[in-house]
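Chemist:
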Amino acid sequence: MRKPDFDPDGLRRFLEEVLGGSFAGIKLITACSRPENFVVWRTDGEKFSVKCVPPPQPGRLDLFPGLVAHLKELARTDAVQMASDVLDFEGRRVLVTRWCEGKRLMPHQLDRQSCASFIRQYGEFSQAMQRCSGVLPPRDNLKVIDSLSGRLQGLCCSRLRRFLERETQRSDFVYDPARLKVIHGDLHHGNFHFNNGAITGFMDLEDFRLGYPADDLARYVICGAEHQLWFDLAATRRTLSFFRELLPLYPRDEWREAVLGLLVRKFDRRLGRKGLKPIVAANLTFRLGLYRRMLAMVDCYSKQ
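The sequence shown begins at 3 in the working numbering and counts up one residue at a time.
1) If you reduce the DSSP assignment to three classes, tell me which class K276 lands in.
2) Just checking my contact of D206 with I185 at CB under 8 Å: how many whole Å lie between their CB atoms?
3) How is F8 classed by DSSP in three states: helix, strand or coil?
4) If we count the other Cβ atoms within 10 Å of its Cβ and call it buried at 16 or more, is A180 buried or exposed?
5) Would you mind working out which of R294, R133, I201, R106 sits nearest Q123, comparing C-alpha positions?
6) Using the rule of at least 16 other Cβ atoms within 10 Å of the residue's Cβ for burial, across every protein chain shown, is Y39 buried or exposed?
7) Note down the Cα distance separating R163 from R221, rounded to an integer number of angstroms.
8) Count Cβ pairs between the segment 256 to 264 and the segment 295 to 302 that sit closer than 8 Å; are there 3 or more?
9) Check whether the segment 44 to 60 touches the segment 104 to 119, taking contact to mean three or more Cβ pairs, one atom from each stretch, closer than 8 Å.
10) Is F244 close to chain C? Criterion is C-beta to C-beta, closer than 8 Å.
11) Rounded to whole angstroms, what is the Cα-Cα separation between S304 and L248?
12) Can you tell me where the alpha helix (DSSP H) with I224 in it begins and where it stops?
13) What's the call for D188, buried or exposed, on a 16-neighbour Cβ count within 10 Å?
14) Thinking C-beta only, is V41 closer than 8 Å to S86?
15) What do you get for R95, buried or exposed, if any count of 16 or more other CB atoms within 10 angstroms of its CB means buried?
16) Note down the Cα distance separating R239 from Q115, rounded to an integer number of angstroms.
17) Under a three-way DSSP split, which group does R106 fall into?
18) What does the alpha-carbon distance come out to for the pair L112 and G213?
19) Go ahead and label L235 buried or exposed: buried means 16 or more other beta carbons lie within 10 angstroms of its beta carbon, across all protein chains shown.
20) For S51, report the span of its alpha helix (DSSP H) as first-last.
21) Quick test of your reading: K183 and Q132, contact by CB under 8 Å. State the CB separation rounded to the nearest angstrom.
22) Determine the contact status of G203 and Q83, defining contact as a CB-CB distance below 8 Å.
23) Between the Cα of V241 and the Cα atoms of V223, L251, S128, which residue gives the shortest distance?
24) When DSSP labels each residue in this structure, what does I28 get in the three-state scheme?
25) Would you check if the distance between the CB atom of C225 and the CB atom of H190 is smaller than 8 Å?
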């Protein structure tokens, strides 16, 4: 986990000046991979989620205006509660939203009420996102698959290479721009909270993009499975049972693209010059086994 290149306590004092009141503390959300997500709390216990992002690097598209447009639209719903306009702190853009009360739940922890609530509330959240404006990039998994397949040649990743070759040959996926929608882009158990069987709100929204909602839901399932104990078979079965409940929501090809695309992007990020860094055999075996079972469930559902 990298440390932020600025003083978090300075950010806390800045928020006190802008928002008013006294903040008792600030904490980096260590579940996130980038040092830009914080939780701050007032002396009375009120919490806020704070995202402090640097300006875009030269030559890279600035997606922040599109993100802000989305957040302002979503602020009209219960999904997002903005606490202020966009702020400027030492050249960084700061977004402050109300903290979502409750706790994180992985897919295998959902009871029947929470499962039904998740499906319903994500559907409402998805509908609200479609009203948002702004220029967003599509995610083209096919390009990543081609790139990764080429880089795997000659490396000691024969199981992964054979798996990708077999599954991409079986895939009949073609991007249909008419079916693309605005999606969260980083939907996992750390980015929304449950309270009394219902979602209290969604967080960490800077990865909005054009894609298929199946990509969001597959990410929640896969991240939940990969964060639990590798060999907790009962939890894995419950996770896959939850995935089966989701299948009727979207077409087969969207599910296939979502599952395969997530696998490819994960390994593409981990692939260095000397191969997959460091992924032990058991880890790779678990991942491939999980993806095989999910793809098999998608194929079986499509034949019913």
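Backbone N, C-alpha and C define an ideal beta-carbon position, used for all residues, glycine too. Given the structure is predicted, the values throughout are model-derived calculations rather than measurements.
Modeler: Reading from the atomic positions:
1) Taking the sequence shown and counting its residues from 1, the one referred to as residue 276 is at position 274. Any reading at K276 must be qualified, since the residue scores a pLDDT of 49, below 50, and its modelled position is unreliable; the value itself is stated next. DSSP places K276 in coil when its eight states are reduced to three.
2) Taking the sequence shown and counting its residues from 1, the one referred to as residue 206 is at position 204. Taking the sequence shown and counting its residues from 1, the one referred to as residue 185 is at position 183. With a Cβ gap of about 13 Å, D206 and I185 do not count as contacting.
3) Here residue 8 refers to the residue found at position 6 of the sequence shown. Residue state, collapsed to three classes: coil.
4) Translated into the one-based positions of the sequence shown, residue 180 becomes position 178. If you draw a 10 Å sphere on the C-beta of A180, you find fewer than 16 other C-beta atoms in it, and that means exposed.
5) The count along the sequence shown starts at 1 and reaches residue 123 at position 121. Check the Cα spacing between Q123 and each of R294, R133, I201, R106: the tightest is with I201.
6) Working through the sequence shown from its first residue, we reach residue 39 at position 37. Here residue 39 turns out to be Asn, not Tyr, going by the sequence shown. The residue in question, N39, is buried, as its Cβ has 16 or more Cβ neighbours within 10 Å.
7) By one-based count along the sequence shown, residue 163 stands at place 161. By one-based count along the sequence shown, residue 221 stands at place 219. Distance between R163 and R221, taken at the CA atoms: about 22 Å.
8) As far as the Cβ criterion goes, the segment 256 to 264 touches the segment 295 to 302, which means the pair count is three or higher.
9) Too few Cβ pairs lie closer than 8 Å, so no.
10) Absent from the structure: chain C. Only one protein chain is present.
11) Residue mapping note: residue 304 aligns to position 302 of the sequence shown, counting from 1. Residue mapping note: residue 248 aligns to position 246 of the sequence shown, counting from 1. Near 13 Å, if we compare the C-alpha coordinates of L248 and S304.
12) Numbered from its first residue, the sequence shown carries residue 224 at position 222. Unbroken alpha helix (DSSP H) run through I224: 215 to 229.
13) Against the sequence shown, residue 188 aligns to sequence position 186. Buried, by the Cβ-count rule.
14) Against the sequence shown, residue 86 aligns to sequence position 84. Against the sequence shown, residue 41 aligns to sequence position 39. Using a Cβ distance threshold of 8 Å, S86 and V41 do not count as a contacting pair.
15) On the sequence shown, position 93 is the one that residue 95 refers to. Under this definition R95 is a buried residue.
16) For the purposes of this step, residue 239 is taken as the residue at position 237 of the sequence shown. For the purposes of this step, residue 115 is taken as the residue at position 113 of the sequence shown. Here the C-alpha atom of R239 lies approximately 18 Å from the C-alpha atom of Q115.
17) Counting from one through the sequence shown, the residue named residue 106 turns up at place 104. The three-state reading of DSSP puts R106 in coil, since its state is none of H, G, I, E or B.
18) Working through the sequence shown from its first residue, we reach residue 112 at position 110. Working through the sequence shown from its first residue, we reach residue 213 at position 211. Cα to Cα, the separation comes out at about 26 Å.
19) As a first step, residue 235 must be located in the sequence shown, where it is residue number 233. Per the 10 Å Cβ criterion, exposed.
20) As a first step, residue 51 must be located in the sequence shown, where it is residue number 49. Counting along the chain, S51 falls outside any alpha helix (DSSP H), though it belongs to the beta strand (DSSP E) covering 49 to 55.
21) The residue labelled residue 183 in the question sits at position 181 within the sequence shown. The residue labelled residue 132 in the question sits at position 130 within the sequence shown. The C-beta separation of K183 from Q132 comes to about 6 Å, placing the pair in contact by the 8 Å criterion.
22) Counting from 1 along the sequence shown, the entry for residue 203 is found at position 201. Counting from 1 along the sequence shown, the entry for residue 83 is found at position 81. A distance below 8 Å separates the beta carbons of G203 and Q83.
23) Looking up residue 241 in the sequence shown gives position 239. Correcting the residue type first, residue 241 is Thr in the shown sequence and not Val. Closest by C-alpha distance to T241, out of V223, L251, S128, is V223.
24) Position 26 of the sequence shown, counted from the first residue, corresponds to residue 28. Secondary structure at I28: strand, using DSSP grouped into helix, strand and coil.
25) Residue 225 sits at position 223 when you count from the first residue of the sequence shown. Residue 190 sits at position 188 when you count from the first residue of the sequence shown. A contact, by the Cβ cut-off of 8 Å.
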